[in-house]
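In this note's numbering, the protein residues as written are 60 to 412.
Idealized CB from N, CA, C, for every residue including glycine.
First the structure, in the form of structure tokens, and then the observations on it.
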């Protein structure tokens with residue numbers, strides 16, 4: 060009887076979530092729903108160019124100057140962009156997940172009750188809804204990284220709407236909450252993208268420090284994995300003289316990047332108060348309010364801000380003041396590990412019954 064019960068639990072764990080919505084294929088360029096396009100009608104959207112790029116190429120500046128505050132080109136921040144924390148605080152962020160390797164990172168974060176921000180790709184959320192829900196229930200901040208991980212300045216206004224709204228809908232269907240924060244893939248954003256996102260109720264997030272872990276996931280024989288550790292160690296040495304806290308970029312899409320994330324996490328924890336993007340910037344994480352799995356005393360609500368917002372400049376910042384990268388990633392066809400979803404705990408409870 061107990062064996063049969065365990066088998067039933069195993070099947071239930073694997074089939075724990077079924078989507079009601081029919082989503083675009085992961086990695087594809089989605090089409091917007093008509094009602095979503097109504098949200099940008101009448102919005103004041105900057106008439107910046109839609110960049111044309113060849114496959115595998117990134118956008119390149121057209122002309123001189125930076126009339127559209129393009130972060131990729133000049134490090135320019137919009138006045139509402141989030142990218143750092145107050146002195147003494149640090150937001151550790153992870154892009155491109157969830158993946159089958161995310162569970163190991165969740166386990167490590169659970170050990171110290173550390174809360175971080177995950178910028179999730181819509182196609183990955185649909186592949187791994189149970190991991191998405193696990194991260195949310197653990198109290199982590201879930202934010203968006205578009206549906207297909209495309210360069211946003213190469214998309215039309217309508218395509219931007221589709222990328223963000225499908226990403227939002229997937230996360231909301233799993234968790235019941237709509238993220239307010241998004242990170243443009245590759246940091247590729249200008250005022251046109253910002254205006255479309257604002258009309259949809261979303262706030263852009265960039266970063267101050269790039270671990271360069273994305274090099275490890277590529278066939279780059281010149282990059283040594285320990286350089287990721289060296290980067291974080293160097294930042295920790297500079298912490299006493301930093302005027303503000305930081306926001307770092309990592310990834311939980313690949314086994315090697317999760318390995319690196321686990322290795323450097325103790326350095327972050329020893330040096331700074333590690334927190335989420337929303338908490339350190341005193342902005343709400345979700346449109347519906349606070350995550351019920353988080354202590355509300357430390358989480359800004361959708362209707363009001365908490366104290367201690369980071370002091371951040373607006374407008375432009377020179378590119379050499381920011382660590383930028385043309386980071387690459389893609390949707391990977393991975394298989395979810397049931398044991399990474401807390402199944403072992405379920406089995407233990409059954410055996411104890």
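Residue of 192, 296, 174, 303 minimising C-alpha distance to residue 333
174
Would you list, in sequence order, the uninterrupted beta strand (DSSP E) runs of no fewer than 3 residues that lie entirely inside the region 291–367?
305–310, 332–334
I'd like the span of the alpha helix (DSSP H) that includes residue 133, first residue to last.
130–133
Between which residues of its own chain and residue 242 is the CB-CB distance below 6 Å, once the five residues before and five after are set aside?
178, 204, 264
Counting pairs of Cβ atoms below 8 Å between the region 339–358 and the region 226–244, do you hit three or more?
yes
Assuming contact is defined by CB atoms lying nearer than 8 Å, are residue 311 and residue 189 in contact in what I supplied?
no
What did DSSP end up calling residue 79 once you bin it into helix, strand or coil?
coil
Any C-beta of chain C under 8 Å from that of residue 102
Annotation note: the requested chain C is absent from the structure, which comprises a single protein chain.
Going by DSSP, which residues form a beta bridge with residue 254?
DSSP output for residue 254 lists no bridge partner at all.
Assuming contact is defined by CB atoms lying nearer than 8 Å, are residue 207 and residue 222 in contact in what I supplied?
yes
Which residues in the same chain as residue 83 place their Cβ atom closer than 7 Å to its Cβ, once the five residues preceding and following it in sequence are excluded?
89, 206, 225
Is DSSP giving residue 191 helix, strand or coil here?
helix
Going along the chain, which residues of its own chain have a beta-carbon closer than 7 Å to the beta-carbon of residue 167, five neighbours each way excluded?
Sequence-distant Cβ neighbours of residue 167 in its own chain, meaning closer than 7 Å and more than five residues away, are 321, 324.
With H, G and I counted as helix, E and B as strand and the rest as coil, what does DSSP make of residue 243?
coil
Taking C-beta to C-beta, are residue 104 and residue 251 nearer than 8 Å?
yes
Is the separation between the beta-carbon of residue 290 and that of residue 267 shorter than 8 Å?
no
Please say whether residue 317 and residue 163 have beta carbons closer to each other than 8 Å?
yes
Let me know the secondary structure DSSP gives residue 271 once reduced to three states.
coil
If you reduce the DSSP assignment to three classes, tell me which class residue 197 lands in.
coil
For the beta strand (DSSP E) holding residue 154, just list the boundary residues, first then last.
148–154
With DSSP as the reference, please indicate the residues paired to residue 211 in a beta bridge.
None, per the DSSP bridge assignment.
In DSSP terms, what residue 264 is bridged to:
Residue pairing by DSSP places residue 264 opposite 141 in a beta bridge.
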